[in-house]
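Q: Mind looking over this structure? Questions follow.
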Amino acid sequence: MDPELEPFIPLLPSFDLTDPVAYRKTYTELTAARPEPDTTGLEIEDRTVPADPDVPVRIYRPDQAQGAVIWLHGGGWVVGDLDTERHWAAPIARLSGAVLISVDYRLAPEHRFPAALDDVYAVLTWAHRHAGELGVDPDRIAVGGHSAGGALAAAVALRARDQQGPPIRFQLLNEAALDDRQQTWSARNFTDTPWNTRAVRAAALEHYLGSQPATPYVAPARAEDLTGLPPAYVATAEFDPNRDEGIEYALRLLRAGVSVELHQWPGTFHGSLAIQSAEVSQRQLAEIGGALRRALAG
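Taking our numbering, the leading residue of the sequence shown gets 77, the next gets one more, and so forth.
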C-alpha cells in the first residue's frame, strides 16, 4: 500500500450497501467533511436536461474550453449526486480544460437499470445538440466516470455505437465496474479491500438489476464485439476487486483495434483518489486531466 494512503485506511467507514438510505447519509456526511474544491477559473451552472424524466446536470466551464466531457459519478449506482461529486468534477474540469457536465442520473434501487443509462444517453444527445450553446465542438465530446460511473461511460459508448447515436470522441474509465460475474483473480481475492469489497459489488448489482439478467449495457465486459468504440483511457487501482476486469477490457479494446492508454496505479485502492493530499492521488488526477486534454485537443 502507498505509504501516504495507508494511514487513512483505519479511518475509512465500512459501508453496508444493503441499506441504501443509511449508505447515502454516511456518504454525504463524509463528502461534506472534505475541504471545498478549488473552483478558480471555473464558471459553474446548474441546468436541467429535458428528457423523460428531466435530468439535472452541473456544468463546470473553464476559460477557453476546447471540448466537453460528460462525467458520471461512482457510488455503485446507489449513491452520489451533483454535490458529492464536486470534489472530482472541479479538479478534472480545471486540469482537462474541458467543459465538464456532471450528471445527476437516477439511482437504484428506486430506479433500476436502464434508468441511469437512459439519463446518461439523454445528456449525451442533448450535449451534441447544444454544443454551440456550450461553446464546444460537437465532435469533441467525451464520456468518463469512476467505478459505477465508469461502467455507465463504457455502456453509453456501446449504446451510441449500436444505435448509431451521437459520436463520442473518447471514453475515460477510472476503476470501472465492468463485469458482474466476479470471476477475475482480483474479484475473487480482494474480498475485503478498502471501500470496495465482493459484498459491496454484489449488493450494488442486486440494487441496480433486481431480477433482470445482466447485459453488456450493465456489464460492458459481456460485450462480444468491441470494434468501433471510442479511444479509451483505462485506469485501475492495485488493491481493487475491479482491477483485472479493467485491464482485461483494455486489452480486449486493443485487440478490437481501439486505441487505449492503460494505467495501473501501484499501491492504490478503489476510490483512494479521494485522498487528494497524497502525491499518488495528485498524479492520478493530473493523468485523468491530461488524457482528456489530449483527446479533446484540436
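Idealized CB from N, CA, C, for every residue including glycine.
With distances taken from CA atoms, which of Tyr181, Trp147, Trp153 is nearest alanine 174?
A: Minimum Cα distance to alanine 174 is reached at Trp147.
Q: Buried or exposed: alanine 109, going by 16 or more other Cβ atoms within 10 Å of its Cβ?
A: Alanine 109 is exposed by the Cβ-count criterion.
Q: Please say whether tryptophan 153 and alanine 313 have beta carbons closer to each other than 7 Å?
A: Their beta carbons are not under 7 Å apart, which means alanine 313 does not touch tryptophan 153 by this criterion.
Q: Ordered along the chain, which non-local residues of its own chain (more than five positions away) have a Cβ less than 6 Å from that of leucine 285?
A: Once the five neighbours on either side are set aside, the close Cβ partners of leucine 285 are Phe189.
Q: Does the distance from the C-beta atom of alanine 229 to that of proline 306 stay below 7 Å?
A: Going by C-beta atoms, alanine 229 is not nearer than 7 Å to proline 306.
Q: Report back the beta-carbon spacing between alanine 326 and leucine 338 to the nearest angstrom; my notes put them in contact at under 8 Å.
A: Correct: roughly 4 Å between the Cβ atoms.
Q: I need the straight-line Cα distance from leucine 361 to leucine 349, nearest angstrom please.
A: Each residue's Cα considered, the two are about 8 Å apart.
Q: Within 10 angstroms of the Cβ of tryptophan 261, are there 16 or more other Cβ atoms? Answer buried if so, exposed if not.
A: Per the 10 Å Cβ criterion, exposed.
Q: Could you check the C-alpha separation between arginine 264 and proline 317 for me, to the nearest Å?
A: Cα-Cα distance, rounded: 7 Å.
Q: Which of the three DSSP states is assigned to proline 342 in this structure?
A: Proline 342 falls in the strand class under three-state DSSP.
Q: For the region 161 to 218, list the alpha helix (DSSP H) runs that are entirely contained and at least 4 residues long, ordered along the chain.
A: Segments of the alpha helix (DSSP H) lying fully in the region 161 to 218: 162 to 172, 191 to 205, 207 to 210.
Q: Let me confirm a value: aspartate 180 is counted as buried when at least 16 other C-beta atoms fall within 10 Å, else exposed. Which label applies?
A: Looking at its Cβ environment, which holds 16 or more other Cβ atoms inside 10 Å, aspartate 180 is buried.
Q: Heavy atom of the ligand ATP less than 6 Å from the Cβ of aspartate 256, yes or no?
A: The model depicted lacks the ligand ATP and carries no ligand whatsoever.
Q: Compute the distance between the beta-carbons of valine 145 and alanine 218, then report whether it is under 7 Å.
A: Yes, they are a contact pair.
Q: Less than 7 Å between C-beta atoms, sequence neighbours within five positions excluded: which residues of the same chain meet that for aspartate 256?
A: Only Leu281, Ala290, Val294, Ala295 meet the Cβ criterion.
Q: Going by the DSSP bridge assignment, what does isoleucine 146 pair with across the sheet?
A: Paired residues: Ile177, Val219.
Q: Going by the beta-carbon positions, is the gap between alanine 236 and isoleucine 244 smaller than 7 Å?
A: A contact, by the Cβ cut-off of 7 Å.
Q: With a cut-off of 8 Å, do at least 3 Cβ pairs link the region 131 to 146 to the region 160 to 178?
A: With the cut-off at 8 Å, the region 131 to 146 and the region 160 to 178 touch.
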